[in-house]
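For the working numbering, add 21 to where a residue sits in the sequence shown, where the first one is 1. The beta carbon of each residue, even a glycine, is placed where N, CA and C say it ideally should be. From a predicted model like this one, the values you see are computed outputs, not experimental measurements.
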Amino acid sequence: LKALTPAEIIVVDRSPEALELTRKWGADHTVVVDGSQVARVKDITDGQGAEAVIDFVGEGGAIEDGIGMLRPAGSYYVIGYGGKLNIPMIDIISTEINFIGNIVGTYNDLAELMTLTAQGKVILHTVTYPLDATLDAIHALDSGKLRGRGILIP
(Lines of atoms letter the chains of each structure in order from A and count residues from 1; the text may use other names and numbers.)
(Lines give C-alpha, C1' and ligand atoms only; values in the text may rest on other atoms or scores of the structure.)
Protein backbone atom coordinates (compact mmCIF):
# COMPACT_ATOMS: atom_id res chain seq x y z
CA LEU A 1 0.00 0.00 0.00
CA LYS A 2 2.84 2.39 0.76
CA ALA A 3 3.76 2.45 -2.94
CA LEU A 4 0.18 3.33 -3.87
CA THR A 5 -0.70 6.04 -1.38
CA PRO A 6 0.78 8.75 0.83
CA ALA A 7 -1.75 7.76 3.52
CA GLU A 8 -0.52 6.87 6.98
CA ILE A 9 -0.74 3.08 7.27
CA ILE A 10 -1.65 1.36 10.54
CA VAL A 11 -1.40 -2.44 10.59
CA VAL A 12 -3.19 -4.49 13.25
CA ASP A 13 -2.28 -8.16 13.74
CA ARG A 14 -2.09 -10.84 16.44
CA SER A 15 1.48 -11.73 15.54
CA PRO A 16 4.38 -9.49 16.61
CA GLU A 17 6.50 -11.21 13.93
CA ALA A 18 3.99 -10.29 11.23
CA LEU A 19 3.92 -6.71 12.51
CA GLU A 20 7.71 -6.51 12.36
CA LEU A 21 7.54 -7.62 8.73
CA THR A 22 4.94 -4.95 7.93
CA ARG A 23 7.25 -2.30 9.41
CA LYS A 24 9.92 -3.43 6.96
CA TRP A 25 7.34 -3.20 4.18
CA GLY A 26 6.43 0.40 5.04
CA ALA A 27 3.78 0.43 7.77
CA ASP A 28 3.82 3.71 9.68
CA HIS A 29 2.31 2.19 12.83
CA THR A 30 1.75 -1.36 14.06
CA VAL A 31 -0.70 -2.48 16.73
CA VAL A 32 -0.76 -5.93 18.28
CA VAL A 33 -4.16 -7.46 19.03
CA ASP A 34 -4.26 -7.53 22.83
CA GLY A 35 -7.70 -6.13 23.66
CA SER A 36 -6.64 -2.49 23.37
CA GLN A 37 -6.29 -2.40 19.57
CA VAL A 38 -9.38 -0.25 18.89
CA ALA A 39 -8.30 2.33 21.47
CA ARG A 40 -4.73 2.29 20.10
CA VAL A 41 -5.92 3.02 16.55
CA LYS A 42 -8.13 5.81 17.89
CA ASP A 43 -5.10 7.23 19.76
CA ILE A 44 -2.90 7.08 16.66
CA THR A 45 -5.58 8.91 14.67
CA ASP A 46 -6.04 11.60 17.35
CA GLY A 47 -9.42 10.19 18.33
CA GLN A 48 -10.84 10.44 14.81
CA GLY A 49 -10.57 6.81 13.72
CA ALA A 50 -9.26 5.41 10.47
CA GLU A 51 -10.49 6.73 7.14
CA ALA A 52 -10.39 3.19 5.76
CA VAL A 53 -10.11 -0.29 7.24
CA ILE A 54 -9.07 -3.18 5.00
CA ASP A 55 -10.12 -6.42 6.67
CA PHE A 56 -8.20 -9.42 5.34
CA VAL A 57 -9.53 -11.69 8.13
CA GLY A 58 -13.29 -11.25 8.34
CA GLU A 59 -13.79 -13.25 11.55
CA GLY A 60 -12.76 -13.71 15.16
CA GLY A 61 -13.60 -10.19 16.29
CA ALA A 62 -11.85 -8.49 13.37
CA ILE A 63 -15.13 -7.17 11.97
CA GLU A 64 -16.28 -5.58 15.23
CA ASP A 65 -12.80 -4.16 15.87
CA GLY A 66 -12.52 -2.83 12.33
CA ILE A 67 -15.87 -1.06 12.55
CA GLY A 68 -14.83 0.37 15.93
CA MET A 69 -11.63 1.73 14.38
CA LEU A 70 -13.44 3.66 11.62
CA ARG A 71 -14.05 7.39 11.69
CA PRO A 72 -17.52 8.69 10.76
CA ALA A 73 -18.05 8.31 6.99
CA GLY A 74 -15.11 5.88 6.86
CA SER A 75 -14.89 2.94 4.48
CA TYR A 76 -14.63 -0.71 5.53
CA TYR A 77 -13.15 -2.92 2.81
CA VAL A 78 -14.07 -6.58 3.17
CA ILE A 79 -11.50 -8.98 1.71
CA GLY A 80 -11.56 -11.78 4.31
CA TYR A 81 -14.72 -13.85 4.07
CA GLY A 82 -14.74 -16.06 7.14
CA GLY A 83 -17.37 -14.28 9.21
CA LYS A 84 -20.71 -12.57 9.10
CA LEU A 85 -21.53 -8.87 9.15
CA ASN A 86 -24.01 -8.13 11.94
CA ILE A 87 -24.50 -4.41 12.47
CA PRO A 88 -27.71 -2.50 13.12
CA MET A 89 -28.75 -0.45 10.10
CA ILE A 90 -29.15 2.65 12.26
CA ASP A 91 -25.43 2.43 13.11
CA ILE A 92 -24.51 2.41 9.43
CA ILE A 93 -26.80 5.36 8.73
CA SER A 94 -25.86 7.45 11.77
CA THR A 95 -22.10 7.01 11.24
CA GLU A 96 -22.35 7.09 7.43
CA ILE A 97 -19.82 4.27 7.14
CA ASN A 98 -19.40 2.43 3.85
CA PHE A 99 -18.93 -1.30 3.33
CA ILE A 100 -17.12 -2.35 0.17
CA GLY A 101 -16.51 -5.95 -0.86
CA ASN A 102 -13.63 -6.91 -3.12
CA ILE A 103 -12.09 -10.20 -4.18
CA VAL A 104 -8.83 -9.10 -5.80
CA GLY A 105 -9.20 -5.64 -7.30
CA THR A 106 -9.88 -4.29 -10.74
CA TYR A 107 -7.98 -4.74 -13.97
CA ASN A 108 -6.65 -1.19 -13.55
CA ASP A 109 -5.43 -2.08 -10.04
CA LEU A 110 -3.58 -5.08 -11.47
CA ALA A 111 -2.00 -2.97 -14.23
CA GLU A 112 -0.88 -0.37 -11.67
CA LEU A 113 0.55 -3.09 -9.43
CA MET A 114 2.48 -4.61 -12.35
CA THR A 115 3.92 -1.18 -13.21
CA LEU A 116 4.98 -0.58 -9.60
CA THR A 117 6.56 -4.04 -9.48
CA ALA A 118 8.47 -3.39 -12.71
CA GLN A 119 9.72 -0.09 -11.22
CA GLY A 120 10.94 -1.92 -8.11
CA LYS A 121 8.51 -0.04 -5.86
CA VAL A 122 6.69 -3.23 -4.90
CA ILE A 123 8.56 -6.39 -4.01
CA LEU A 124 6.72 -9.69 -4.00
CA HIS A 125 7.32 -11.71 -0.85
CA THR A 126 6.94 -15.35 -1.80
CA VAL A 127 8.01 -18.80 -0.70
CA THR A 128 8.01 -21.58 -3.28
CA TYR A 129 7.22 -25.20 -2.52
CA PRO A 130 7.50 -28.20 -4.85
CA LEU A 131 4.13 -29.83 -5.42
CA ASP A 132 5.10 -32.84 -3.30
CA ALA A 133 5.62 -30.44 -0.34
CA THR A 134 2.03 -29.19 -0.41
CA LEU A 135 1.46 -30.36 3.16
CA ASP A 136 4.52 -28.40 4.30
CA ALA A 137 3.03 -25.28 2.71
CA ILE A 138 -0.32 -25.90 4.41
CA HIS A 139 1.36 -26.43 7.80
CA ALA A 140 3.39 -23.23 7.36
CA LEU A 141 0.19 -21.34 6.53
CA ASP A 142 -1.78 -22.87 9.43
CA SER A 143 0.99 -22.19 11.94
CA GLY A 144 1.43 -18.58 10.84
CA LYS A 145 5.01 -19.16 9.67
CA LEU A 146 4.27 -18.35 6.03
CA ARG A 147 4.78 -14.65 5.42
CA GLY A 148 3.75 -13.29 2.06
CA ARG A 149 2.45 -15.82 -0.46
CA GLY A 150 3.16 -19.51 -0.84
CA ILE A 151 3.53 -20.77 -4.40
CA LEU A 152 3.27 -24.44 -5.34
CA ILE A 153 5.52 -25.42 -8.26
CA PRO A 154 4.46 -28.51 -10.26
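- The distance from the Cβ of alanine 158 to that of glycine 171 is about 5 Å, consistent with a contact at the 8 Å cut-off.
- Considering only Val54, Asp55, Leu40, the residue with the shortest C-alpha distance to alanine 48 is Leu40.
- For leucine 167, the closest of Ile75, Leu91, Glu38, Asn119 by C-alpha to C-alpha distance is Glu38.
- Within a 10 Å sphere around the beta-carbon of valine 125 sit fewer than 16 other beta-carbons, which makes this residue exposed.
- In the structure shown, arginine 35 adopts coil according to DSSP, grouped into three states.
- In this structure, the beta-carbon distance from isoleucine 174 to leucine 152 falls below 8 Å.
- Annotation: leucine 137 to threonine 127 spans about 15 Å, alpha carbon to alpha carbon.
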